[in-house]
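*Asks:* Please find one structure pasted underneath; my questions will follow.
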Amino acid sequence: MEGISGKREKYIPKKGDIYTGPGDFKKIGEQHLYLLQKYAQLQPTDRILDIGSGMGRTAVPLTKFLTKGAKYEGFDVVEKGVNWCNKTIKSDFPNFNFKFIPLNNDLYNEHKDTADKFVFPYDNNSFEKAFLFSVFTHMRVEEIKNYIFEIERVLTSGGRCLATFFIYDKKDDLSNFPGFKFPYEKDGYRLLDEKVQGANIALEYSFLEKIITDAGLELEHYIMGFWRDFNLDRKERDFQDVIVLRKK
Numbered sequence: 065m066e067g068i069s070g071k072r073e074k075y076i077p078k079k080g081d082i083y084t085g086p087g088d089f090k091k092i093g094e095q096h097l098y099l100l101q102k103y104a105q106l107q108p109t110d111r112i113l114d115i116g117s118g119m120g121r122t123a124v125p126l127t128k129f130l131t132k133g134a135k136y137e138g139f140d141v142v143e144k145g146v147n148w149c150n151k152t153i154k155s156d157f158p159n160f161n162f163k164f165i166p167l168n169n170d171l172y173n174e175h176k177d178t179a180d181k182f183v184f185p186y187d188n189n190s191f192e193k194a195f196l197f198s199v200f201t202h203m204r205v206e207e208i209k210n211y212i213f214e215i216e217r218v219l220t221s222g223g224r225c226l227a228t229f230f231i232y233d234k235k236d237d238l239s240n241f242p243g244f245k246f247p248y249e250k251d252g253y254r255l256l257d258e259k260v261q262g263a264n265i266a267l268e269y270s271f272l273e274k275i276i277t278d279a280g281l282e283l284e285h286y287i288m289g290f291w292r293d294f295n296l297d298r299k300e301r302d303f304q305d306v307i308v309l310r311k312k
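When we follow this note's numbering, the leftmost residue of the sequence shown carries the number 65, and every step to the right adds one.
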């Protein structure tokens, strides 16, 4: 984002470098922080895990929110985003740390390691909060299952995770939704593109609920996204559906 002077704000990447989707980088990050505070009870002293940290879109507003005693850990499968965040954000905020994890992804890279076997590089009970914005929507079912189990492992007792999904009910007619239609129906989920399964995936509510329960988590909040209805109040929600999981 450039001001009248033509100078870009330090913590906003060049427009051509942003690969995490369209929209106003700064405003979207601030909206993420608002949702974390409202639904996940984010506190300034929390230890936080950002799964899919991207170009630091959510990390940037967190630099103003978290105390120096708090801890932020983020990881991503795209190396250039991690490098930019460490160079630009971590250099000024030493309690922020970003890791590059070389995992295979239909959209971003062709590394041999896959997310369905990936063990998060953190100890058990390390974080009060975790979050994922537009990450589960680009993963295969077995990868989603593994990540949810790993989230349960690294959260402290009573810890919360806010995550976004595309969620539908069996009775829903997705062809009437103004967002994605997900025409390819599978067992418990639907795909936007059958050939590129990481393009976008929608999960049937009861299918996702079972994964969450099996992992030992409880579903605390479910806020419908405006992908299904553009008339919904956008301040209180995301384009995707938001859920908050709590570790028992």
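Every residue gets a Cβ at the ideal spot worked out from N, C-alpha and C, and that includes glycine.
#1: Using the Cβ count rule (16 or more neighbours within 10 Å means buried), how would you classify P77?
#2: Could you give the distance in angstroms between the alpha-carbon of M65 and the alpha-carbon of K102?
#3: Who pairs with K135 in a beta bridge, going by DSSP?
#4: Could you name the residues of the same chain whose beta carbon sits closer than 6 Å to that of H285, not counting the 5 residues immediately before and after it, in chain order?
#5: Keeping to the same chain, check which residues put their C-beta closer than 6 Å to that of A266; ignore five residues upstream and five downstream.
#6: Secondary structure at Y98, three-state DSSP: helix, strand or coil?
#7: Would you mind giving the Cβ-Cβ distance between L196 and I115, rounded to the nearest angstrom? I have them listed as a contact below 8 Å.
#8: Helix, strand or coil: which one does DSSP assign to N264?
#9: Mapping the DSSP letters down to three states, classify I215 as helix, strand or coil.
#10: Which same chain residues, not among the five before or five after S190, have their C-beta less than 6 Å away from its C-beta?
#11: Along the chain, where does the beta strand (DSSP E) that runs through L309 open and close?
#12: Name the two residues that bound the continuous alpha helix (DSSP H) containing N147.
#13: Where DSSP assigns a beta bridge to R292, which residues make up the other side?
#14: Secondary structure at S221, three-state DSSP: helix, strand or coil?
#15: With the cut-off set at 7 Å, would you say V124 and G80 are in Cβ contact?
#16: Where do the ends of the alpha helix (DSSP H) carrying K274 lie?
#17: Confirm, please, whether the CB-CB distance from K128 to R111 is below 7 Å.
#18: Between the C-alpha atoms of R301 and E192, what's the straight-line distance to the nearest angstrom?
#19: Kindly indicate the opening and closing residues of the alpha helix (DSSP H) around L126.
#20: How would you label G133, buried or exposed, when you count the other beta carbons within 10 angstroms and need 16 or more for buried?
#21: State buried or exposed for G85, treating a residue as buried only when at least 16 other CB atoms are found within 10 Å of its CB.
*Replies:* With the structure as the only source:
#1: Taking the sequence shown and counting its residues from 1, the one referred to as residue 77 is at position 13. Taking every protein chain shown into account, the CB of P77 has 16 or more other CB atoms within 10 angstroms, so this residue is buried.
#2: Position 1 of the sequence shown, counted from the start, is the residue given in the question as residue 65. Position 38 of the sequence shown, counted from the start, is the residue given in the question as residue 102. Summary for M65: the model assigns pLDDT 41, below 50, so the residue's position carries little reliability, and this model does not support an answer.
#3: In the sequence shown, residue 135 corresponds to position 71, counting from 1. BP columns for K135 point to R111.
#4: As a first step, residue 285 is located in the sequence shown; it is residue number 221 there, counting from the start. Cβ neighbours of H285 beyond the five flanking positions: Y103, V308.
#5: One-based indexing of the sequence shown puts residue 266 at position 202. The answer, listed in chain order, is F230, Y232, F246, R254.
#6: In the sequence shown, residue 98 corresponds to position 34, counting from 1. Residue state, collapsed to three classes: helix.
#7: What you label residue 196 is simply residue 132 of the sequence shown in a count that begins at 1. What you label residue 115 is simply residue 51 of the sequence shown in a count that begins at 1. Sure, about 5 Å apart at Cβ, within 8 Å.
#8: For this step, residue 264 is matched to residue 200 along the sequence shown. Secondary structure of N264 (DSSP, three-state): coil.
#9: Your numbering for residue 215 matches position 151 in the sequence shown. Three-state result, I215: helix.
#10: Locating residue 190 in the sequence shown gives position 126, counting from the first residue. If you ignore the 5 residues before and after S190, its C-beta comes within less than 6 Å of the C-beta of V218, all in its own chain and listed in chain order.
#11: Residue mapping note: residue 309 aligns to position 245 of the sequence shown, counting from 1. Where L309 is concerned, the enclosing beta strand (DSSP E) stretches over 305-311.
#12: The residue labelled residue 147 in the question sits at position 83 within the sequence shown. Residues 143-149.
#13: Along the sequence shown, one-based indexing puts residue 292 at 228. The partner list for R292 (beta bridge, DSSP) is empty, contrary to what the question assumes.
#14: Taking the sequence shown and counting its residues from 1, one reaches residue 221 at position 157. In this structure, S221 counts as strand in the three-state DSSP scheme.
#15: For the purposes of this step, residue 124 is identified with residue 60 of the sequence shown, where counting begins at 1. For the purposes of this step, residue 80 is identified with residue 16 of the sequence shown, where counting begins at 1. No, Cβ-Cβ distance for V124 and G80 is not below 7 Å.
#16: The count along the sequence shown starts at 1 and reaches residue 274 at position 210. Element bounds for K274: 269-278.
#17: Here residue 111 refers to the residue found at position 47 of the sequence shown. Here residue 128 refers to the residue found at position 64 of the sequence shown. A distance of 7 Å or more separates the beta carbons of R111 and K128.
#18: As a first step, residue 301 is located in the sequence shown; it is residue number 237 there, counting from the start. As a first step, residue 192 is located in the sequence shown; it is residue number 128 there, counting from the start. Between the alpha carbons of R301 and E192 lies a distance of about 22 Å.
#19: Counted from its first residue, the sequence shown places residue 126 at position 62. Run containing L126: 123-129, per the alpha helix (DSSP H) assignment.
#20: Taking the sequence shown and counting its residues from 1, the one referred to as residue 133 is at position 69. Under this definition G133 is an exposed residue.
#21: As a working note, residue 85 is residue 21 in the sequence shown. The residue in question, G85, is exposed, as its Cβ has fewer than 16 Cβ neighbours within 10 Å.
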